[in-house]
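Structure, as structure tokens:
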Amino acid sequence: MSEFDAGTSVVARPDEPGAWDTELGEGWRIGGGVNGGLLLALVGRALGEELEATDQRAAHPDPLAISAYYLTPGVPGPATVRAEVVRRGRAVSTAQASLLQPGPDGGEVERVRVLATYGDLAGLDGDASTTATPPVLPPPEQCVSAAQAPPDFLKHASLLERLDLRLDPATTGWAVGRPSGTGVIRGWLRMADGREPDPLLLLLAVDALPPVAFELGLPGWTPTLELTAHVRARPAPGWLRVVLTSRTMSGGYLEEDAEVWDSAGRLVALSRQLARATSPKQA
58 MSEFDAGTSV VARPDEPGAW DTELGEGWRI GGGVNGGLLL ALVGRALGEE LEATDQRAAH
118 PDPLAISAYY LTPGVPGPAT VRAEVVRRGR AVSTAQASLL QPGPDGGEVE RVRVLATYGD
178 LAGLDGDAST TATPPVLPPP EQCVSAAQAP PDFLKHASLL ERLDLRLDPA TTGWAVGRPS
238 GTGVIRGWLR MADGREPDPL LLLLAVDALP PVAFELGLPG WTPTLELTAH VRARPAPGWL
298 RVVLTSRTMS GGYLEEDAEV WDSAGRLVAL SRQLARATSP KQA
């Protein structure tokens, strides 16, 4: 089993319909919490399992649109996803879920709440048109590997050990104290253990790069408040190209848009998230 599949695995609770037990692993931390993309993919897997468990036809196996609200930081340890099918249609199904963890008082603390539309991407592959163009990147071997990050940073970002992430040198000025201010970060992405991309892994990919706030010269981490991802196609094997952009910041909040392109040059996923950021004058 790949690290991603192990990190997003869920097990049905036999005495509670709709409940799926899981474990948030230490290997997916970024800063003090578990990466939001990994949490989204984990809940996405639970929703897919719930849809299949309640309809053996498994007619809608893939996330098409999924929106997550991050209520409290996920931390390594046991967790439960409670999933519910809201509507089952001919073309798509709608489901919702909450990711919860034990709290200090013995109760449950909700980490993430999700609403999603599922369908079958097999029927959509090849039927696509877009005016967007793939990002132009130097070859992976000419890009900056995440493994080159300072050791003090890496010890707080175990997520990067799971990824083979190569950033375009033109968008890494923030790493040496010279952010460009353009609001763009782009790079190549694949799993370090060779696991090929699929629709669930795209939910991780949209939130796997450093936050674009870094290249805007905004210090500190950038917690996600809400993230919506659209999955457009099942990706081809090989490297993914990911580009993050941000155009607007107001009152300490910024939007971050992601595009994910597969090795065949297809736009396979998009996302937008709202995040908190600290302006330089506040730091």
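Quick note: the sequence shown uses this note's numbering, first residue 58, plus one each step.
Glycine included, each C-beta is placed from N, C-alpha and C at the ideal position.
As the structure is a prediction and not an experimental result, all values here were calculated from the model.
Give me the Cα-Cα distance between residue i and residue j, rounded to the nearest whole angstrom.
i              : j                : result
threonine 342  : glycine 93       : Outside the shown range of the chain (58 to 340) lies residue 342, about which nothing can therefore be said.
aspartate 221  : leucine 297      : 10 Å
glycine 309    : glutamate 272    : 16 Å
leucine 258    : aspartate 162    : 34 Å
arginine 139   : glutamine 330    : 23 Å
alanine 203    : isoleucine 87    : 13 Å
leucine 266    : valine 68        : 29 Å
glutamate 253  : leucine 284      : 23 Å
leucine 282    : leucine 181      : 30 Å
arginine 289   : phenylalanine 61 : 21 Å
leucine 178    : arginine 247     : 21 Å
valine 160     : valine 233       : In the sequence as displayed, the identity of residue 160 is glycine instead of valine. Cα to Cα, glycine 160 sits roughly 39 Å from valine 233.
alanine 26     : aspartate 112    : As displayed, the chain neither begins before 58 nor continues past 340, which places residue 26 out of reach and without an answer.
glycine 64     : leucine 81       : 7 Å
alanine 214    : tryptophan 85    : 8 Å
glutamate 107  : valine 132       : 24 Å
alanine 110    : serine 66        : 15 Å
methionine 306 : glutamate 73     : 43 Å
glutamine 339  : glycine 274      : Only weak support exists for where glutamine 339 lies, its pLDDT of 47 falling under 50; the value from the coordinates is given anyway. Each residue's Cα considered, the two are about 12 Å apart.
leucine 341    : aspartate 209    : Because residue 341 is not part of the residues shown, which for the chain are 58 to 340, the question remains open.
glutamate 316  : threonine 188    : 13 Å
alanine 341    : leucine 301      : Residue 341 lies beyond the stretch modelled for the chain, which goes from 58 to 340, so this question has no answer here.
arginine 219   : alanine 98       : 15 Å
Tell me whether residue i sits in a helix, a strand or coil according to DSSP, three-state version.
i              : result
aspartate 384  : With the chain running from 58 to 340 in the structure shown, residue 384 is simply not present.
tryptophan 296 : coil
valine 132     : coil
alanine 69     : strand
proline 159    : strand
aspartate 62   : helix
threonine 228  : helix
glutamate 253  : coil
glutamine 199  : helix
glycine 90     : strand
tryptophan 85  : helix
leucine 266    : coil
alanine 47     : With the chain covering only 58 through 340, there is no way to say anything about residue 47.
valine 233     : helix
arginine 219   : helix
glycine 105    : helix
leucine 273    : helix
alanine 154    : strand
alanine 340    : Any answer about alanine 340 is weak, because its pLDDT of 43 lies below 50 and its placement is not dependable; what the coordinates show is given next. In the structure shown, alanine 340 sits in coil (DSSP, three-state: anything other than H, G, I, E or B).
valine 193     : coil
valine 100     : helix
leucine 246    : strand
alanine 286    : strand
State the beta-bridge partners of residue i as determined by DSSP.
i             : result
threonine 302 : Val241, Asp314
aspartate 209 : BP columns for aspartate 209 are empty, so no partner.
glycine 176   : Asp119
Can you find a C-beta in chain B that's less than 8 Å from the C-beta of residue i?
i             : result
glutamate 167 : The question asks about chain B, but that chain is absent: this structure has only one protein chain.
Excluding the 5 residues flanking residue i on each side, which residues of the same chain have their C-beta closer than 8 Å to its C-beta?
i             : result
leucine 194   : Cys200, Asp225, Arg243, Gly244, Trp245, Arg298
proline 191   : Arg298, Trp318, Gly322, Leu324
threonine 137 : Arg70, Ala76, Trp77, Asp78, Thr79, Leu156, Leu157, Gln158, Glu165
proline 120   : Gly101, Leu104, Gly105, Ala173, Thr174, Tyr175, Pro256, Leu257, Leu260, Ala286, Val288
Could you work out which residue in the options is closest to residue i when comparing CA atoms only?
i             : options                        : result
proline 196   : Arg70, Ser320, Ala334          : Ser320
arginine 323  : Arg235, Gly82, Pro294, Ala152  : Pro294
valine 169    : Leu95, Asp119, Gly64           : Leu95
tyrosine 127  : His117, Leu156, Ser307         : Leu156
leucine 104   : Lys212, Arg144, Glu165         : Arg144
alanine 152   : Thr137, Pro133, Val166, Leu172 : Leu172
glutamate 165 : Pro135, Gly101, Pro192, Glu106 : Pro135
threonine 239 : Asp255, Ala270, Asp209         : Ala270
alanine 148   : Ala125, Ile123, His117, Val142 : His117
glycine 89    : Ala315, Arg304, Trp278, Ala326 : Trp278
serine 345    : Arg114, Glu167, Pro130         : As displayed, the chain neither begins before 58 nor continues past 340, which places residue 345 out of reach and without an answer.
Once the 5 residues before and after residue i are set aside, which same chain residues still bring their CB inside 6 Å of it?
i             : result
serine 59     : Asp250, Arg252
aspartate 264 : Gly93, Gly94
histidine 287 : Ala122, Leu327
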